[in-house]
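Below is one structure, written out as structure tokens; comments come after it.
2 protein chains.
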Amino acid sequence: MSPKHLPNTPRPYQKSQYDPLALGSMIRYARGLEPCDLVIKGSQWLDVFQGKWQKGDLAIAAGTIVGVGESYVGKQVVDGSGFWVVPGFIDSHVHIESSLMTPRRFSETVLPRGTTTVIWDPHEIANVWGVQGIQWALDQSEPGPEILLSIFIMAPSCVPSTSQSLGLETSGADLRAQDLRGFRDHPRVLGLAEMMNYPGLLGGDPDVLTKLEDFAALPRDGHCPGLSGKDLNAYGVAGIHTCHESTTLGEAQEKLSKGIHVLLREGSCAKNASTLLPLLSDYSSAVLGFCSDDRNPLDIETEGHIDRIINLALMGGHGPAAVFRAASYGAARMYQLLDRGALAPGYRADLVCVAPKITTKGEPDWTSGIQIQKVLKGGQWIQPKSSAAPLVPVPKPPSAQTNLNIHTQFRGESLKDFLRIPTSDQDAPGSPVQVRVIGVIPQQIVTKSLTKTLVVTSLHTIEADLSQDILKIMVIERHHKTKSRGIGLVHGFGLKRGAIATSINHDSHNALLVGSSDHLMLMAWERLLDMDGGIVVVHESGEVAHLPLPYGGLMTDEPPGQVSEALRRLKSLAQRAGCVLEEPFLQLSFLALPVIGNLKITDQGLVDVTNMKVVPLRVNEGPGKVP
Amino acid sequence: MSPKHLPNTPRPYQKSQYDPLALGSMIRYARGLEPCDLVIKGSQWLDVFQGKWQKGDLAIAAGTIVGVGESYVGKQVVDGSGFWVVPGFIDSHVHIESSLMTPRRFSETVLPRGTTTVIWDPHEIANVWGVQGIQWALDQSEPGPEILLSIFIMAPSCVPSTSQSLGLETSGADLRAQDLRGFRDHPRVLGLAEMMNYPGLLGGDPDVLTKLEDFAALPRDGHCPGLSGKDLNAYGVAGIHTCHESTTLGEAQEKLSKGIHVLLREGSCAKNASTLLPLLSDYSSAVLGFCSDDRNPLDIETEGHIDRIINLALMGGHGPAAVFRAASYGAARMYQLLDRGALAPGYRADLVCVAPKITTKGEPDWTSGIQIQKVLKGGQWIQPKSSAAPLVPVPKPPSAQTNLNIHTQFRGESLKDFLRIPTSDQDAPGSPVQVRVIGVIPQQIVTKSLTKTLVVTSLHTIEADLSQDILKIMVIERHHKTKSRGIGLVHGFGLKRGAIATSINHDSHNALLVGSSDHLMLMAWERLLDMDGGIVVVHESGEVAHLPLPYGGLMTDEPPGQVSEALRRLKSLAQRAGCVLEEPFLQLSFLALPVIGNLKITDQGLVDVTNMKVVPLRVNEGPGKVP
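Protein chains in written order, with the working numbering: chain A, 71 to 697; chain B, 71 to 697.
Right, here's the structure in full:
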């Protein structure tokens, strides 16, 4: 590695980094010569070095744990005798955008669940706003009174998700190595985000290699669903240190054995934790992490965030020492955050008081899971917030235009023409046609590539067939006012009397429409245009639910409670329109992500992910035929 | 931490740091598209992430592991079917000087024992040569054809071992914060070496705090025998991350629970591994390390180096997954060496083929310990070397003077006068005198502070009393030609007819003499002066054994076999002179280290370590009296 490629700013996340004047006073606090800010007296606290519960005081001063185990005097004293204290949880890989909230609202939401640090890959907003989106993510996650959560950033490696040269999708930005280099020295940028373009890496794509080399002194995240054997070795040799995309235990075991740390994911759509938890042991808990990846605010509110995975693990019989270590220390070490992940002198005062069920014998029963009692972040107790408190508005990047930057041809009734799927003149009305249909798999990002038979209509078109649950789906380019759009067919939504429109569409975030009829799709589309991005559901009754997402068509700054409520209404209306999916919106958005198989749709059309090429809707259709 | 305190050179010990041109070819090796340099076929290799033995090939190219588990083609193919392969061992804390050898000779010695990386605190040579000694250590440990071992350096924090202002000893150098800062950016300097001055730290000594702040972005080693409670919390809060000085299990457990990584030590003198091994578990193996600290070449030759601790652990019933992880991955992670400590793609090809005893059922019996079969370092097999091979001489620093820079009064017969311990005129010959005597404890660095009764001679002196095993011991300043010397009495050597002289004297490395008579001490002294430093034993028969140590009076560049042989002769002659200690020379040298209790001797006289002050030889002696 030549020095020119190395960043010049050391990451200041070593334990015990104080203001030069403060070190002497920290020593005095620790020695008990000055009263500390806060003392939690006589709690049981987890020693993540030995995997033992220790008993005694936890003393905190200047946001730092200054003493453990001994008896201290504090300005604030809390009786910890009923407390089981563990280090604050770390979400080792998250796209905050998938919470539909700005970073400050996300902070408000996850802190009470015990999450005190997250590692954010802002590649959703980077796909919309480009380099300015990454800068916006850094600016809007700066720690301060409104953002107590520690938010670190990984520089998005794959914007768009597939190499621009493949022409598989149109993103708002195309970020090359030189675009990312400038972010490398930011002290909150920890490394390079998920390298989804593993075919590019394996093939030696020069831009991919340059990105890996530029970030060679820092952690570089992976994303390699199903990769194995020698290709997985090659992925590891290139410096990739994590993957959060394992869906089977065998896949995760192979990755871990090859030095690729496994992040156990429980998103809203991709729920892999239960499958992968057998990987967790006392031994491996030092090198595993938990992550949410893409998780909506409803699930965070009802099931939890990282605490959800913790509960799944505990209820699955895993010991608390292993579970809480993976949730904190394991993730911290992976990302070189040496100032957190343990309850010990010199570590940040990020901690969670958890309450297991206590048996009649007075022993904790961890297999019943935990409740979060109290959360301390940087020495401050997290208070349930009056979410509606007035806030200074979050700014947008200066040059951010309207979110739906749509070609005039897609405004008004003219969309109807685009929704039409014509057949060839040679196809007689009533004759069968073999078509490719995207098969949605509930709670998976991966899809099936189905072949279905539809019948040519009297107008020489192909139409949705509700009896087979085959609906039209359309992606419309929304960044550059091009006319590009892709139309396809999808199975698995179950919509009978409604349509969904959204400006969220992984990762290029074009506009996306699905519905039981052209008419309802058009209605949803117009509503989406009116509010300049967000999520819309229309019902044939005329009822409409919506959630405007003014920040890049992805995020809102409304209070978390209101966002959850809007999402609840959207889900409810989608269900009343016949939708059978538990998480219709994230699931819909991932139908456009052409790096996870098998059949996807982008503004360029249907994408055969295995072969990385655009394919026609009709099976056996030769090139040049429509569509 | 203000940025000005942070070093500017990132440590390039991330996994997978290649020359920018090499990344593409590493990927091709890993994919099996090019034949690798070396393939170890079908071995069992340890996966230190899951704690499992995996089976399959290990493929190596360009000094790096490029593939594991799959089948590869190599230019060199080794049948690994009988091999159990583990990552190369790491000595997490060593003073190479204590091997009595230059770094290149030390490299030759420990590599065949499986040690592939060491973390060197060169504070012995720094006490002699000052800043130039640290530079010499860096220069002489530069990787190259003669030095395959990876040698990293911690900047010595305590030269001399006690703060100069206490006046407890005279060292060759007094290194302050500003002297160390220049070394911080060297890519092989990993951090700050053992902070022995924990009283200074606890008391807020400004120079100690500045050193800690200067190195705040890097690991800072500890050394705190017996420290506990709030003071141990304060030591941790100041950023100290390791300690290798625990002598009881309880002490080690408290340190680890407070986030201070425990290094299990097995030196030649301080042998703590067996006592501390109960600390090792599957869980803790990720956060523990093994170290030798001070180990002589004879012990390395006969018992081993880090492999000695591994064998003690295995024979104590610890599982190989935990033992080998602590010996490699645990230590590597502690010191931010992310490119080693595991057998996985992108890691350095540092590995050891070990042979456990195989039971009649064909299973390995780890409890019988291991033999080292083969060692691979950076992709090269370690060959047993013809040690006598001619070498270009190792240079000394330009301004390095004679090693025994001794005041003329100490040359010739005049030393005799200094060995005289006069009593006061009021002491009648034959009357008893209460004296302080250093009580040597075999295999411990700590001593007892004994009170013994001697009888005033007719010449109004106190003399050695062989019947009580009380000998004279003397330290003579050898750096600045001052006249300072300390004389004392020691119990525990057992010498009846001989004397030992040495220029090794932790850590100030003045000259040190002990013997059964003034006459023999003088003989040993003259021999030590003649050879300008080293170790000498004289026997009353006139027989002499010696080992010249031309590099600072501490090290030689002679072949390891010759050094061991010389040491064997020295030990044998000391034993024939009555010495009862198993390791007389290291044990003797540590009698001068005033940071480890209880009674020690320096050129300033007897030191009461608990109270950090010079005390008179006679008990209840008022100030101003002699000696």
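Think of the CB as a built atom: it goes at the ideal place given N, C-alpha and C, for glycine as much as any other residue. Small disclaimer: the values here were computed from a predicted structure and weren't measured.
Think of a sphere of 9 angstroms around the beta carbon of B/Val259: no beta carbon from chain A falls inside it, the nearest being about 13 angstroms out.
Beyond the five residues adjoining it in sequence on each side, A/Val684 comes within less than 7 angstroms, by CB distance, of Leu238, Gln674, Gly675, Leu676 and Val677 in the same chain, given in chain order.
Of the other Cβ atoms in all chains shown, 16 or more fall within 10 Å of the Cβ of A/Ile532; this residue is therefore buried. Residues of the region 332-354 of chain B with a C-beta atom less than 8 angstroms from some C-beta of chain A are Leu349, Ser351, Asp352, Tyr353 and Ser354, listed in chain order. Secondary structure at A/Ala383: helix, using DSSP grouped into helix, strand and coil. For B/Asn267, no chain A residue has a Cβ inside 8 angstroms of its Cβ, as the nearest lies near 13 angstroms away. In the three-state reduction of the DSSP assignment, A/Val118 falls in the coil class, being assigned neither a helical nor a strand state. The three-state reading of DSSP puts B/Pro629 in coil, since its state is none of H, G, I, E or B. Among the residues facing chain B, A/Ser327 is included, as its CB has a counterpart in that chain under 9 angstroms away. Per DSSP, the continuous beta strand (DSSP E) segment holding B/Met265 begins and ends at Val259 to Met265. In terms of beta-carbon proximity, A/Asn668 stays away from the interface with chain B, with every pair separated by 9 angstroms or more. Straight-line measurement puts the Cα of B/Ala207 at about 29 angstroms from the Cα of B/Arg555. Within the same chain, Asn197, Glu239, Ser241, Asp244, Asp577 and Ser578 come within 7 angstroms of A/Pro230 by CB-CB distance, once the 5 residues on both sides are set aside. The three-state reading of DSSP puts B/Ser113 in strand, counting E and B together.
Counting along the chain, the unbroken alpha helix (DSSP H) around B/Pro276 starts and ends at Pro276 to Asp284.
Between the alpha carbons of B/Gln234 and B/Leu407 lies a distance of about 34 angstroms. For B/Gln479, same chain residues with a beta-carbon under 7 angstroms away, outside a window of 5 residues either side, are Lys553 in chain order. Proximity of B/Glu321 to chain A, defined by a Cβ-Cβ separation below 9 angstroms, is not satisfied. Under DSSP, B/Thr437 shares a beta bridge with no residue.
With fewer than 16 other beta carbons inside 10 angstroms of its own, B/Ile511 counts as exposed.
Identification of residues in the region 411-435 of chain A having a C-beta nearer than 9 angstroms to some C-beta of chain B yields Ala412, Leu413, Ala414, Pro415, Gly416 and Tyr417, given in sequence order. In the DSSP annotation of this structure, the continuous segment of the beta strand (DSSP E) that includes B/Ile223 starts and ends at Ser220 to Ala225.
Taking 8 angstroms as the upper bound for CB-CB distance, B/Met591 and B/Leu583 are in contact here, some 5 angstroms apart. A direct Cα-Cα distance of roughly 13 angstroms separates A/Leu520 from A/Ile671.
For the C-beta of B/Phe119, the chain A residues within less than 7 angstroms are, from N- to C-terminus, Leu326, Ser327, Gly329, Ser354 and Val357. Taking A/Val503 as the centre and dropping the five residues before and after it, the same chain places the C-beta of Thr493, Asp497, Thr523, Leu524, Val525, Val526, Ile532 and Arg688 closer than 8 angstroms to its C-beta, in chain order. For the region 193-255 of chain B, the continuous beta strand (DSSP E) assignments of 3+ residues that do not extend past its boundaries occur at 220-225, in sequence order. Proximity of A/Arg365 to chain B, defined by a Cβ-Cβ separation below 9 angstroms, is not satisfied. In this chain, the alpha helix (DSSP H) harbouring B/Leu93 covers Leu93 to Ala100. Taking 9 angstroms as the cut-off, the Cβ atoms of B/Ile380 and B/Phe159 count as close. C-alpha of B/Arg410 to C-alpha of B/Gly306: approximately 26 angstroms in a straight line. Listed in chain order, the non-local C-beta contacts of B/Gln84 below 7 angstroms within the same chain comprise Leu408 and Asp409, local neighbours out to five positions each way being set aside.
Judged by DSSP secondary structure, A/Thr345 falls within the alpha helix (DSSP H) whose first and last residues are Ala343 to Leu346.
With contacts defined as CB atoms closer than 9 angstroms, B/Val143 and B/Pro105 qualify as a contacting pair. B/Pro426 carries a strand assignment under DSSP once its states are collapsed to helix, strand and coil. Of all residues in the region 91-120 of chain B, the ones placed with a Cβ closer than 7 angstroms to any Cβ belonging to chain A are Leu93, Gly94, Met96, Ile97, Ala100, Arg101, Gly102, Asp117, Phe119 and Gln120, in chain order.
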